[in-house]
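Quick note: the sequence shown uses the working numbering, first residue 125, plus one each step.
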Amino acid sequence: MADFLDRLEEGSDPVTSSIYLPPGLSAKEIHQISLSSLPETIVEIAASSITGAVIFPGGESNSMVLPPFPLKEKVIFSDCATGPLRELLAKDFIVGLALVHLGTYAVGVCKGDVLVSSKVGTGLVHGRTRKGGSSSQRFQRRRENQAREFLERVCGHAQEHFQPYEKTLDYLVYGGPHQTVLQLRKECPVLKTFEDRTLQTIDVPALRQKVLEAAVTRIWSSRIIEWENE
125 MADFLDRLEE
135 GSDPVTSSIY
145 LPPGLSAKEI
155 HQISLSSLPE
165 TIVEIAASSI
175 TGAVIFPGGE
185 SNSMVLPPFP
195 LKEKVIFSDC
205 ATGPLRELLA
215 KDFIVGLALV
225 HLGTYAVGVC
235 KGDVLVSSKV
245 GTGLVHGRTR
255 KGGSSSQRFQ
265 RRRENQAREF
275 LERVCGHAQE
285 HFQPYEKTLD
295 YLVYGGPHQT
305 VLQLRKECPV
315 LKTFEDRTLQ
325 TIDVPALRQK
335 VLEAAVTRIW
345 SSRIIEWENE
């Protein structure tokens, strides 16, 4: 990311302004704030970003950065101003990760991009069955009980790893299938402590230590979108 920002500052196509947009702005507000005409698709992406966006319009080409962590204020500069974005990316945020599939889980805490606490494990949850009848209903009840017991175990590990950081955890990231994550959040009271610090849920495969480590890299990654002027 630093290399990209360096190229912006040193590029042959000068950046004409830098527009810092915090999350929560509507598409209409972004249109009003921007100093140049923006494509509707770009405005919609910026408006839907839960971390906000930084737009760098240029004479011929333009760039937008969706940072990994939320911007705090709306600021417009009349030149290429990468300083506030660099400052955000340089902070060693403390981030919790709760990644879960039915049958595998990974819980961890990272400071910056370094894991300082983690637990990866498995649990028995049978797959779904398509057969009908009373035996199918018994199997389904057994599976639901297994899932509940498994998520209770995951909740216990989350409590063990997150509670020491209750006052210092900056953000919490979930990963896994949508319904499984929802069920974990519903059945794990300790996670409600961090509701106001929750970032976007990420997609992850079945959990192993390498998947957890890769997730840490992902949550620290910015998304860059570039487009040409018509």
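Just so you know, even glycine gets a beta-carbon here, dropped at the ideal spot from N, CA and C. The structure displayed is predicted, hence computed values, not measured ones.
- Look up Asn353 in the DSSP assignment and say whether it is helix, strand or coil. On the sequence shown, position 229 is the one that residue 353 refers to. In the structure shown, Asn353 sits in coil (DSSP, three-state: anything other than H, G, I, E or B).
- Query: What residue ranges within the region 288 to 335 form continuous beta strand (DSSP E) runs of no fewer than 3 residues, ordered along the chain?
  - Reply: 295 to 299
- Item | the region 317 to 337 touching the region 293 to 302, judged by at least three CB pairs closer than 8 Å | Yes, they touch.
- If you compare alpha carbons, which of Ser345, Ser202 and Gly220 is closest to Phe100? The structure shown does not extend to residue 100, since the chain is modelled only from 125 through 354, so no value can be given for it.
- Task: Report all residues from its chain with a CB closer than 7 Å to the CB of Pro329; omit the five preceding and five following residues, and keep chain order.
- Result: Your numbering for residue 329 matches position 205 in the sequence shown. Residues Val335 of the same chain have their beta carbon placed closer than 7 Å to that of Pro329, with the five preceding and five following residues left out of the count.
- Item | N- and C-terminal bounds of the beta strand (DSSP E) containing Ala222 | Against the sequence shown, residue 222 aligns to sequence position 98. Ile218 to His225 is the span of the beta strand (DSSP E), which, as asked, contains Ala222.
- Cβ shell of Cys279 (< 6 Å), same chain only, five flanking positions each side left out: The residue given as residue 279 occupies position 155 in the sequence shown. So the qualifying residues of the chain are Cys312.
- Task: Could you tell me the distance, in whole angstroms, from the CA atom of Ile154 to the CA atom of Leu293?
- Result: Translated into the one-based positions of the sequence shown, residue 154 becomes position 30. Translated into the one-based positions of the sequence shown, residue 293 becomes position 169. When rounded, the distance between both Cα atoms is 30 Å.
- Task: Check the C-beta distance from Trp351 over to Ile174 and give it rounded, since I have them as a contact under 8 Å.
- Result: Here the question's residue 351 lines up with position 227 in the sequence shown. Here the question's residue 174 lines up with position 50 in the sequence shown. Not really, about 22 Å apart at Cβ, beyond 8 Å.
- Query: What is the DSSP secondary structure of Ile157, counted as helix, strand or coil?
  - Reply: Counting from 1 along the sequence shown, the entry for residue 157 is found at position 33. Of the three classes helix, strand and coil, the one that applies to Ile157 here is helix, per DSSP.
- Reference Glu211, options Ala271, Gly227, Val224 and Pro191, closest by Cα: The count along the sequence shown starts at 1 and reaches residue 211 at position 87. It is Pro191.
- Item | C-alpha distance - Pro147 paired with Ser141, whole-angstrom precision | In the sequence shown, residue 147 corresponds to position 23, counting from 1. In the sequence shown, residue 141 corresponds to position 17, counting from 1. Distance between the alpha carbons of Pro147 and Ser141 is about 19 Å.
- Go ahead and label Leu306 buried or exposed: buried means 16 or more other beta carbons lie within 10 angstroms of its beta carbon, across all protein chains shown. Numbered from 1 along the sequence shown, position 182 holds the residue referred to as residue 306. Leu306 should be labelled exposed.
- Message: Any heavy atom of the ligand SAH inside 7 Å of the beta-carbon of Asp237?
- Response: Summarising the ligand content, the structure contains no ligands, and the ligand SAH is consequently not present.
- Task: Give every residue of the same chain whose Cβ lies closer than 7 Å to the Cβ of Ala171, excluding the five residues on either side of it in the sequence, and list them in chain order.
- Result: Within the sequence shown, the letter at position 47 stands for residue 171. Counting only Cβ-Cβ distances below 7 Å, and skipping sequence neighbours, we find Leu149, Ser150, Ala151 and Ile154.
- Please classify Leu132: does DSSP put it in a helix, a strand, or coil? In the sequence shown, counting from the first residue as 1, residue 132 sits at position 8. Helix, per DSSP.
- Item | DSSP three-state assignment for Ala177, whether helix, strand or coil | Working through the sequence shown from its first residue, we reach residue 177 at position 53. Note: Ala177 maps to strand in three-state DSSP.
- Item | N- and C-terminal bounds of the beta strand (DSSP E) containing Leu239 | Taking the sequence shown and counting its residues from 1, the one referred to as residue 239 is at position 115. Where Leu239 is concerned, the enclosing beta strand (DSSP E) stretches over Val238 to Thr246.
- In angstroms, rounded to a whole number, what distance separates the CA positions of Ser346 and Lys243? For this step, residue 346 is matched to residue 222 along the sequence shown. For this step, residue 243 is matched to residue 119 along the sequence shown. So the alpha carbons of these two residues sit roughly 26 Å apart.
- Task: My understanding is that Val240 touches Gln270, with C-beta atoms under 8 Å, so please give their C-beta distance in whole angstroms.
- Result: Against the sequence shown, residue 240 aligns to sequence position 116. Against the sequence shown, residue 270 aligns to sequence position 146. Contact flag wrong, Cβ pair sits at about 31 Å.
- Query: DSSP state of Ser185, grouped into three classes?
  - Reply: What you label residue 185 is simply residue 61 of the sequence shown in a count that begins at 1. Reduced to three states, the DSSP call for Ser185 is strand.
- Query: Expressed to the nearest angstrom, what Euclidean distance is found between the alpha-carbon atoms of Val359 and Cys204?
  - Reply: Residue 359 cannot be examined here, being either before or after the span of the chain that is shown, 125 to 354.
- Beta-carbon separation of Lys198 and Ile157 under 8 Å? As a working note, residue 198 is residue 74 in the sequence shown. As a working note, residue 157 is residue 33 in the sequence shown. Yes, these two residues count as a Cβ contact at 8 Å.
- Taking the alpha helix (DSSP H) that Ala170 falls in, what are its first and last residues? Counted from its first residue, the sequence shown places residue 170 at position 46. Taken as a continuous stretch (DSSP letters only), the alpha helix (DSSP H) holding Ala170 covers Glu164 to Ser172.
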